[in-house]
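Just so you know, we're using this note's numbering here: the sequence shown kicks off at 18 and counts up by one. Read through the structure below, which is laid out as C-alpha cells, and then see the notes.
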Amino acid sequence: MKIVVLGAAGNVGRHTVLAAVAAGHEVVAFARRPESVPPMLGVRVVAGSVEDEVAMTAAFAGADAVISAVGPAFRMGSRKPLDFMQRVLPRITAAVKQAGVPRFVLVSAFGAGDTLAQASGLARLVYRVGTAPLFEDKALAERALPTSGITYTVAYPVNLKEAPPLPAAAVKPLGKVGSVPGLPALPFANVGQALVELAEDRSTESKRVLITTPTGWKPLS
C-alpha cells in the first residue's frame, strides 16, 4: 500500500510512519516541518500545510490510504477556544475526495464528543479540566464526516505516552465498549501500529474505534 501520513513530525505521526515502514508500505510523510521527520528508507517527505488543499491533493495522488495525525499546539488546562480541526478537517477530506483516496483514518481522542460518556469519573474530571477546548474542537469537526463523501474510520486512542511498546493494543468498535476504567495510557508505538492496521482493514470502514491497553476497556453488557 501507499500510505500518506499527515502530521508526520508529531509523536503519533512519527510512530505511524515507523509502523507503516515496518509493515512494508510505501510512505509519504506530509509535514509542516519536514526537517523534523527522520530520514528513512521507503519514506518520501513532502513539506506542506494542512491548510493547503491543493498541496494535499497533489501529495495524496495514487495513495491507498491517508492517516491524519494532525492537531493543534495545546497546553493542558488552557481554556482558550480552539477551531483548528474545524478549519482543517474539511480541507483534508476535500483533498482525500479529489485525489480519489479509498481510505481515510482520522486520529481523534478518547473523551471527545460522546465518547466522554464511556470514560471513568476520574477521566471525565481530567478531560473537562484539562482538555475541554481541544476535545470540543475535535467533536465539532467530526460531525461533518458522514457527509464528506469519503470512506473513513475515526480512531479514539486513550492517553498516550513515550514508552516501550506493549505486546499489543486493544482496538474495539466503540459500539461494543461499555466503559474505559481509570486513565489507561498507551505507548505511541502501539497507536501508530494500530492506525496502520486500521488503514489496511476494510472491515473498519465507516466505523469509530477505541484504541486502548489490553485491560483498558470493558465490554458493553
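Yeah, the Cβ is synthetic: ideal placement off N, Cα and C, and Gly gets one too.
For A5, the nearest candidate out of L237, L58, V105 and R120 (CA to CA): Any answer about residue 5 is impossible in this case: the structure gives the chain only from 18 up to 238.
Residues near E68 in its chain [Cβ-Cβ closer than 8 angstroms; skip 5 each side]: R104, V105 and R108, listed in sequence order.
In chain order, each beta strand (DSSP E) run of at least 3 residues that lies wholly inside the stretch 138 to 180: 169 to 174 and 176 to 178
Nonlocal neighbours in the same chain, by C-beta distance under 7 angstroms from L157, ignoring five residues either side: Q103
D131, buried or exposed, once every other Cβ within 10 Å from all chains shown has been counted against 16: exposed
Top-ranked residue by Cα proximity to V38, from A25, G147 and R50: Checked all of A25, G147 and R50; the closest Cα to V38 is A25.
Cα-Cα separation, P198 to V143: Distance between the alpha carbons of P198 and V143 is about 13 angstroms.
Segments assigned beta strand (DSSP E), at least 3 residues, entirely inside the stretch 182 to 228: 187 to 190, 194 to 196 and 202 to 204
Whole-number beta carbon distance between A126 and M73, since they are thought to touch under 8 angstroms: With 8 angstroms as the limit, M73 and A126 do not qualify as a contact, their Cβ atoms being about 22 angstroms apart.
N- and C-terminal bounds of the alpha helix (DSSP H) containing E43: Per DSSP, E43 belongs to no alpha helix (DSSP H); it is in the beta strand (DSSP E), E43 to A48.
Beta-carbon proximity list for T167, same chain, < 8 angstroms, skipping 5 on both sides: Going by the sequence as given, residue 167 is Ile instead of Thr. Taken in chain order, the residues that qualify are T110, V113, K114, V118 and F121.
Inter-residue Cα distance where the pair is L35 and H42: Near 10 angstroms, if we compare the C-alpha coordinates of H42 and L35.
Reference K189; option with closest CA among L227, L177 and K235: Of L227, L177 and K235, the residue nearest in Cα terms is L227.
The stretch 198 to 208 / the stretch 168 to 182 touching (three or more Cβ pairs under 8 angstroms): yes
Cβ-based neighbour list, A180, same chain, cut-off 7 angstroms, excluding 5 preceding and 5 following: Excluding five sequence positions before and after A180, the CB atoms of its chain that fall closer than 7 angstroms to its own CB belong to P204, given in chain order.
Classification of L23 by the beta-carbon crowding that lies within 10 angstroms, buried from 16 upward: Its Cβ being crowded by 16 or more others within 10 Å, L23 is buried.
Span separating the alpha-carbon of G27 from that of P56: 15 angstroms
Start-to-end residues for the beta strand (DSSP E) that takes in V21: K19 to L23
Under 8 angstroms between C-beta atoms of V171 and H32: no
Own chain residues within Cβ distance below 8 angstroms of F152, not counting five before or after: A126, G128, A129, G130, L133 and Y144
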